[in-house]
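Have a look at the structure below before the remarks.
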Amino acid sequence: MKVYIYVFFLVILLGSILLAQPHSFISLKEKIKSALEQSKPLPNGLKKCDVKYKTNLEENDILIVGHAYGSPSREDDGKISPYLTKFLEESKTKIKEVIFTGDVLKKPSPERWKLFKQEMEILGMTVKISPGNHDVGKGDNILRDIFDQEFNFVYPQIEQDNDRIIVLIDSGKSSGRIDVDLINLLEDYESSDKTLLIFSHHILRPDPLGVANSTKEIDLTNNNINVLRGLKSKFKRIYLISGDSGVRSSQPRLDCISYENIFFISSGIGDFPQDKILVLQGSKILKMDIR
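Using the working numbering, read the sequence shown as starting at 25 and increasing by one per residue.
Dropping the structure here:
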């Protein structure tokens, strides 16, 4: 009898929360769902990994920022997150390049992109972008036309130096799967002690549920480990860094899983106090707090 009374009052309590504060109930539901997803055992061979902290920026460091516009609930002023803006302003004497892993602006327009480029130019920072759905939409549409007109980027963008190869992809065109043509191109490289870094917006890790902001545009059957199998022996380490994460409080501020020498890192800004920004120092990936 006591059990039934307890259940009765629990139902009443949950019903009251739902009626009085529906957003709190939805938030609680999202947190429980995300926690369950994150607690699932990883597929065979995969393990959690850690990204080391960096306390001070140094010259030639490159910042890596996912979901730069921040919280979806913030009033849309056409700009990146104010917390990110402050961080960039405080870092302008050290940082000369930023890689944005998609969703730079919430609702882009030619005027907003021009303002963004102008502000980054004032800071003295070069901009590279792996575009997200907010930046270029889906398929051929006006958002992609505007983006192409403003930036004239060609994907994949490939840049290499002594110890690393940097690749930026347009993951919206491949449903979160690494393009076979890119793999064929990279397989032509001679085996080396270099680190390969692939930047995308859509989450490239296996089983992205609970980490990705959205999986609507991702083919959940993707297995990028199999796609990369032929490259594992060619490079010292392979990093796949994605930015479509972090907008909900229930999500990890940074997620890292690995398979042998392949590392999947997902990180994005949601305007939370624990938000992280990634730093590329030589061939190493490190993290810093935004605030």
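By construction, the Cβ of each residue, glycine as well, lies at the ideal position given by its N, Cα and C atoms.
Report the CB separation of residue i from residue j in whole angstroms; it is logged as a contact under 8 Å.
{"i": "ASN285", "j": "HIS91", "result": "Not quite, the Cβ-Cβ distance comes to about 27 Å (not below 8 Å), so this is no contact."}
{"i": "GLY94", "j": "LEU112", "result": "Their Cβ separation, rounded to whole angstroms, is 13 Å, which puts GLY94 and LEU112 out of contact at 8 Å."}
{"i": "SER257", "j": "SER215", "result": "7 Å"}
{"i": "GLY254", "j": "GLU211", "result": "6 Å"}
{"i": "GLY270", "j": "SER291", "result": "6 Å"}
{"i": "LEU252", "j": "ILE289", "result": "Incorrect: roughly 14 Å between the Cβ atoms, too far for contact."}
{"i": "ILE119", "j": "ILE88", "result": "In fact, because the Cβ distance is near 11 Å, the residues do not count as touching under 8 Å."}
{"i": "ILE242", "j": "SER199", "result": "6 Å"}
{"i": "VAL235", "j": "PRO276", "result": "7 Å"}
{"i": "ASP194", "j": "TYR179", "result": "4 Å"}
{"i": "GLY148", "j": "LYS103", "result": "Actually they do not touch by this definition, with Cβ atoms about 18 Å apart."}
{"i": "LYS218", "j": "PHE259", "result": "6 Å"}
{"i": "LYS130", "j": "ASP100", "result": "5 Å"}
{"i": "GLY294", "j": "ARG315", "result": "Between ARG315 and GLY294 the Cβ distance is about 12 Å, and since that is not below 8 Å, they are no contact."}
{"i": "LEU192", "j": "LYS152", "result": "6 Å"}
Per DSSP, what kind of secondary structure is residue i in: helix, strand or coil?
{"i": "TYR107", "result": "helix"}
{"i": "SER24", "result": "Only positions 25 to 315 of the chain appear in this structure, which leaves residue 24 out of reach."}
{"i": "LEU310", "result": "strand"}
{"i": "ILE249", "result": "helix"}
{"i": "LYS72", "result": "strand"}
{"i": "LEU129", "result": "coil"}
{"i": "ARG136", "result": "helix"}
{"i": "LEU244", "result": "coil"}
{"i": "LEU87", "result": "strand"}
{"i": "SER97", "result": "coil"}
{"i": "LEU112", "result": "helix"}
{"i": "LYS256", "result": "coil"}
{"i": "ALA92", "result": "coil"}
Can you pull the DSSP bridge partners for residue i?
{"i": "LYS120", "result": "Paired residues: none, contrary to the question."}
{"i": "TYR77", "result": "LYS311"}
{"i": "ILE146", "result": "The partner list for ILE146 (beta bridge, DSSP) is empty, contrary to what the question assumes."}
{"i": "ARG261", "result": "THR219"}
{"i": "ALA236", "result": "SER269"}
For a minimum of 4 consecutive residues, which ranges assigned as the alpha helix (DSSP H) are wholly contained in the region 152 to 232?
157 to 160, 166 to 175 and 204 to 211
*Check whether the region 255 to 268 touches the region 179 to 186, counting contact only when three or more Cβ pairs, one atom from each stretch, lie closer than 8 Å.*
No: fewer than three Cβ pairs fall under 8 Å.
Just list the beta strand (DSSP E) runs in the region 272 to 306, keeping only unbroken ones of 3 residues or longer that don't cross its boundaries, in chain order.
278 to 283, 286 to 291 and 300 to 305
contact_flag[the region 66 to 77, the region 268 to 282] where n(CB pairs < 8 Å) is 3 or more: yes
Worksheet item: Quick one: any contact between the region 165 to 177 and the region 205 to 212, if contact means 3 or more CB pairs under 8 Å?
Response: no
Quick test of the definition: if touching needs 3 or more C-beta pairs under 8 Å, does the region 187 to 194 touch the region 298 to 313? yes
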